[in-house]
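J.:
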Amino acid sequence: MADLKNGAAIRIEGLSHVYGGTVPALQDISFDVPAGRFTVIVGPSGCGKTSLLMMLAGLRAQSQGTIHCLGRPIPAPDPLRVGVIFQEASLFPWLTALENIEFPLSLRGGAQKEHRQRAQAMLELVGLSGFGERFPHELSGGMKQRVSIARGLVQDPPVLLMDEPFAALDEQTRMTMGHELLRIWSTTSKTVVFVTHSLTEAVYLADEVLVMSARPGRIIDRIEVTLPRPRSYGMMATDVFGRLRDRIWQQIRKAD
Amino acid sequence: MKIVFARLALLALVLAAWELLPRHGIVNPLLLPPLGDVLAMLGELLQRGQVREALGVSAAEVLLAFVVAVPLGAALGVLIAENDYLGEVFKPMLFIVFAIPKSIFLPMFILVFGTGFQQKVAYAAFTTTFVVLMSAAAAVESVKQDYLLVARSYGATRLQLVSRVYVPSMMPLLLETLRISMIFNFTGVLIAEMYASRTGIGHLIASWGENFQMKQLFAGVVLLAAAAIVFNEAVRFLESRVSAWRT
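Protein chains in written order, with this note's numbering: chain A, 1 to 256; chain B, 1 to 247.
#1: To the nearest angstrom, report how far apart Thr-196/A and Leu-175/B are at their CA atoms.
#2: Between Asp-28/A and the rest of its own chain, which residues show a CB-CB distance below 7 Å, the 5 nearest in sequence each way excluded?
#3: CA-CA distance, Ala-234/B and Phe-131/A?
#4: Could you check what DSSP says for Asp-37/B in three-state terms: helix, strand or coil?
#5: With 16 other CB atoms within 10 Å as the buried threshold, where does Ile-12/A fall?
#6: If contacts are defined as beta-carbon pairs under 8 Å, then Ala-17/B and Ala-124/B qualify, I think. What distance do you get, rounded to the angstrom?
#7: If we ignore side chains and look at the alpha-carbon of each, how far apart do Phe-126/B and Pro-33/B end up?
#8: Flag this pair as yes or no: are the beta carbons of Val-140/B and Glu-88/B separated by less than 9 Å?
#9: With DSSP as the reference, identify every bridge partner of Ala-305/A, one or two as the case may be.
#10: Would you mind sorting Met-1/A into buried or exposed? The rule is 16 or more other CB atoms within 10 Å of its CB.
#11: Less than 9 Å between the beta carbons of Leu-125/A and Leu-153/A, yes or no?
#12: Under 8 Å, with one C-beta from each stretch per pair, do the segment 189-203 of chain B and the segment 97-116 of chain B reach the 3-pair mark?
#13: For a cutoff of 9 Å on Cβ pairs, would you count Asp-84/B as touching chain A?
#14: Could you tell me the alpha carbon to alpha carbon distance between Gln-120/A and Glu-114/A, rounded to whole angstroms?
#15: Relative to the alpha-carbon of Glu-133/A, which residue among Arg-116/A, Gly-141/A, Ile-149/A and Ser-186/A has its alpha-carbon at the smallest distance?
#16: Any beta-carbon of chain A closer than 9 Å to the one on Tyr-166/B?
#17: Under 9 Å between beta-carbons, which chain B residues line up against Ser-90/A? List them in chain order, please.
#18: Locate the beta strand (DSSP E) running through Ile-67/A, then write down its first and last residues.
#19: Go ahead and pull the three-state DSSP assignment for Asp-170/A.
#20: Counting only beta-carbon separations shorter than 9 Å, does His-137/A have a partner in chain B?
#21: Can you name, in chain order, every residue of its own chain whose Cβ lies under 7 Å from the Cβ of Ile-110/B, other than the five neighbours on each side?
#22: Taking only beta-carbon atoms, is Thr-177/B less than 9 Å away from chain A?
#23: Quick check: is the beta carbon of Gly-202/B nearer than 9 Å to any beta carbon in chain A?
#24: So for Ser-16/A, helix, strand or coil by DSSP?
#25: What are the complete alpha helix (DSSP H) segments, minimum 4 residues, inside the segment 72-148 of chain B?
#26: If Gln-87/A sits next to Asp-170/A, beta carbons under 8 Å apart, how far is it from one beta carbon to the other, in whole angstroms?
#27: Just mark Leu-4/A as buried or exposed, buried being the case when its beta carbon has 16 or more other beta carbons within 10 Å.
#28: Taking the alpha carbon of Gly-20/A as the reference point, which residue from Gly-43/A, Ala-61/A and Thr-96/A has its own alpha carbon closest?
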């Protein structure tokens, strides 16, 4: 727990990954994510952002280097430390919204009634009270992603990993969801690592943006986003916002 | 609602035509006996010991073949779907064999098993196993990798992956497999009985046909059609309950 006192929820040191013994995917990545911070990773397609996130979740092993999450390595998924929110919501179509949110709790056993209450509270948090009995195909894309976020939060993990969660949504819904996410984040004080393609989304959400190079993925820039919180849509029109976005864009262009 | 009425009207029309056309000599009643006569014959046949025994034998053959073929086919299907190497090796061959009409193998089954009970069961199980195998493999492959990844990220054990992701995700396809396999099974037994047999409802139907006993023949057809429809609808009802989430 020493790292926690230093304020680092995630510490990555000298991480490299090679696919199938030959294809270098990630190269010498080191960074800390301080507890309670919102870190966004951007980079060109195929740069290994998702792989990196899967390793942080304990879903995939790296070839080299160490990952410490809340002071300990994470060799296998540990839902009490890390919650993952995937692209495309990935809700189970045979379960209702509420049952989907309950799913992580139900894997661990325990009182059904408490699970239901907890899931109901999460549903409310993401603004979907009254939609608990709907099946995923009866929900819009944005609503599905809200359910998915509720599912990620239901076990109250201190760390939340998000893999392009809004990529499948239309621009308008995407912005609304980003704003919603910030609202939820501000009430839960999680450490968030968020992967995205969208530079606007990156600047809007992040405390810090990490820019990755094309394969093999390296961290080529770290950009502190100094915009005050709470963020508002109006900030997107400011010079500061534009300059930050432009700097990231320049870095990615160089990287590609 | 209108659709339901139209469907019932169509059914009534067909049945009425079956009754009235032969009754008034518009269709030769020797070829198509009126519905009423056929139903009367059906009632009479069901009283006969010989017919009841034949039905019992056929039912036993169908059930035994089902009990053999479904687990066997399902196990093999899961195996080739889960094991990439076995899948790569066996799938092309299975696809080719699947395309061959299975009835051409019937003479071989007679040579090996004779013309009795065993041969019917073996042949029906043989035809059914292929169907179950193919659809079970398709069912396993229909499970999205995303769902497995999500469940694993929440710490699901292997057993939980099977019970909480694989089974519910595959359930609609599995029920459909069950339904289709019963149809193949039933067909397999009937064809084997009609081809060479001393008993069974297929044998009776074949001999009624050969002897131009059209009332008996149609009574047999009505009986088997009813049995097939009842099973089919029962499983379809289950399917609709289980797969409400499918769009």
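Don't be surprised by glycine CBs; every beta carbon is placed ideally from N, CA and C.
T.: Result, derived from the coordinates:
#1: 40 Å
#2: Same-chain partners within the cutoff: Gly-14, Ser-16 and Arg-218.
#3: 32 Å
#4: Helix at Asp-37/B.
#5: By the 10 Å Cβ count, Ile-12/A comes out buried.
#6: Not a contact, Cβ separation roughly 34 Å.
#7: About 36 Å.
#8: no
#9: Here chain A has residues from 1 to 256 only, and residue 305/A is not among them.
#10: Because Met-1/A carries a pLDDT of 40, less than 50, the predicted location of this residue cannot be relied on, and no value is offered for it.
#11: yes
#12: Verdict: yes, contact present.
#13: no
#14: 10 Å
#15: Arg-116/A
#16: no
#17: Lys-144, Asp-146, Tyr-147, Leu-149 and Val-150
#18: 64-69
#19: coil
#20: yes
#21: Gln-119 and Ala-196
#22: no
#23: Cβ-Cβ to chain A under 9 Å: no for Gly-202/B.
#24: Ser-16/A falls in the strand class under three-state DSSP.
#25: 84-99, 106-113 and 117-141
#26: Actually they are not in contact, since the Cβ atoms of Gln-87/A and Asp-170/A sit about 15 Å apart, beyond 8 Å.
#27: For Leu-4/A, the predicted structure reports a pLDDT of 47, less than 50, and the residue's modelled location is therefore unreliable. A value from the coordinates is still provided. When all chains shown are included, Leu-4/A counts as exposed.
#28: Ala-61/A
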